[in-house]
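Take a look at the structure below.
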Amino acid sequence: MMRADLLRAPIMGGERLGVALSRYASRYTQDTMVLVQYIGLPLTAYSASGSAPISFETRWLMKMAQDAARKNAGIFLVHLHEHRGKPWFSPIDMETNRTIVQPLALIDQTSPTGALVLSLDDAAAVVGRSDGLVAISVRQVATT
Amino acid sequence: MDDSRLRFLGDGIRRVRDARVTVVGAGGTGSHIVQQLAHLGLQAIILIDPDTLDPSNINRVVLSHAGFVGKPKTLIPTKRLRKLNTDIVPISESLESADAIAALQSSDLCFGAVDHFGTRHLIEYFARMALVPVIDVGTQIVPSFDKGARKTGATSAGGQVVTSIPGEACFWCMGFLSDGLLTRERTRYADGDAQFEQQVISMNGILASQAVTNMLALFAGFVGPAGLTRYISYNALTQQMGAHPNLIGLNVDDCTHYDVISAGWAAR
């Protein structure tokens, strides 16, 4: 579902974005996080200004983080690189992660906040910790 | 490992081996499952069971022998399967311990191989919090008695393999668990009526093998076009295995008990 949404036509020539609501698996299992709901960013969240391929209104992301907090969840910023194999964040993505995702993670540490990048068949993620961004492994739940 | 006989699984065998799988229960069915997972070459198996081996277990706990009596059941495959190069992590604690919950919730899949329906409920509850699929295995033999109250046969014998996938039908949706069933079980155990339940290694092996094959369906896509049958029932007296009647008319793609959006731990 995430891939299908993110693979739709680009917005203003840039990549589509989404947000996944996130929680720790349990009080015992804070090394494991679950992404429980995906929400694609609406058209109004994208910005025509800015030099980066991903241009969006950060206040919109703040609003999504606040909405997630009301559901006892954090957020992962999600986008897709259109290739197969293990993806990783581009330098511009990492700048976004450092300047937007990491500060968001520090505001509320009761739920995980991070960034997820998908390829056509794999994924990678970072989560914000008090001492910086940490790479984590990503698993998709088995499906039938 | 020579995989020439596993080519039919294609790339799926890599996903199987990369998986971190938890087995809850190291008894009659759990020991079969762990043995098969180790032979398949899984890199990480976590085995949870607080019990020690009793002499009456040896006739059905695979790989056990008298030398293990009084020792944790989790140590048996850990020691006996060491040369298969699988990392079996024993957790000889209750499922409700922090270590056990953390292990289960950080798995890619969990097998339930336990005796009690209450424990099955707990396994699925913890697993659904972390969006972990569960494959449960169970056997039941109801003995019949002659006039001298000696056990002489079985009025029913069989079991089931039930697969619970987050976001899809759960044990409760499939009628595998119910409030009435859990209440009856608590009453039976309080009355001491559940001691010396009957089990046999051959039936355990059939159902454990089907459970592992279900795992291959989930990780390697080894399944027919009709998809995975979520509730498989086995009748040892008629030698038949098939879809449980509870699946008739059930939409297995939906769950009315566990909402994915509510998964995880709400810390506030």
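Just so you know, the protein sequences line up as chains U and R, in that order.
Everything in the first sequence is counted per this note's numbering, starting at 4 for the first residue and increasing by one.
Everything in the second sequence is counted per this note's numbering, starting at 2 for the first residue and increasing by one.
By construction, the Cβ of each residue, glycine as well, lies at the ideal position given by its N, Cα and C atoms.
In this text the structure is predicted, and so the values were computed from the model without any measurement.
One Cα belongs to residue 178 of chain R, the other to residue 46 of chain U, and the distance between them is close to 45 Å.
Chain-order list of chain U residues neighbouring residue 163 of chain R: empty, with the shortest C-beta distance near 14 Å, by a criterion of under 8 Å. The stretch 46-62 of chain R makes contact with the stretch 101-117 of chain R, as at least three CB pairs between them are under 8 Å.
When Cβ-Cβ separations below 8 Å define contact, residue 134 of chain R makes contact with chain U. Along the stretch 129-146 of chain U, going in chain order, the ones with a CB nearer than 8 Å to a CB of chain R are 142, 144, 145 and 146. A contact is defined here as three or more CB-CB pairs under 8 Å, and the stretch 202-213 of chain R fails this definition with respect to the stretch 117-132 of chain R. The shortest CA-to-CA distance from residue 250 of chain R to any of R:216, R:175 and R:62 is the one to R:175.
Remark: three or more beta-carbon pairs, one from each stretch, lie closer than 8 Å, so the stretch 69-87 of chain U and the stretch 107-124 of chain U are flagged as touching. Rounded to the nearest whole angstrom, the C-alpha separation of residue 9 of chain U and residue 4 of chain R is 37 Å.
With a beta-carbon spacing of about 5 Å, residue 212 of chain R and residue 138 of chain R fall inside the 8 Å limit used to define contacts. Per DSSP, residue 23 of chain R is one residue of the beta strand (DSSP E) stretching across 21-25. Beta-bridge pairing by DSSP links residue 234 of chain R to R:161 and R:243.
Around the beta-carbon of residue 198 of chain R, fewer than 16 other beta-carbon atoms lie within 10 Å, marking it exposed. Taking the beta carbon of residue 31 of chain U as reference, the chain R residues within 7 Å of it are 99, 102 and 103, listed in sequence order.
Interface annotation for the stretch 84-113 of chain U against chain R: 113, criterion Cβ-Cβ distance under 8 Å. Cβ atoms of residue 223 of chain R and residue 13 of chain R come within 8 Å of each other, at about 7 Å. Nearest CB-CB separation between residue 12 of chain R and chain U: not below the 8 Å threshold. Across the set R:17, R:149 and R:162, the C-alpha of R:17 shows the shortest separation from the C-alpha of residue 109 of chain R. Chain-order list of chain U residues neighbouring residue 173 of chain R: empty, with the shortest C-beta distance near 18 Å, by a criterion of under 7 Å. With distances taken between CA atoms, residue 33 of chain R lies nearest to R:114 out of R:219, R:244 and R:114.
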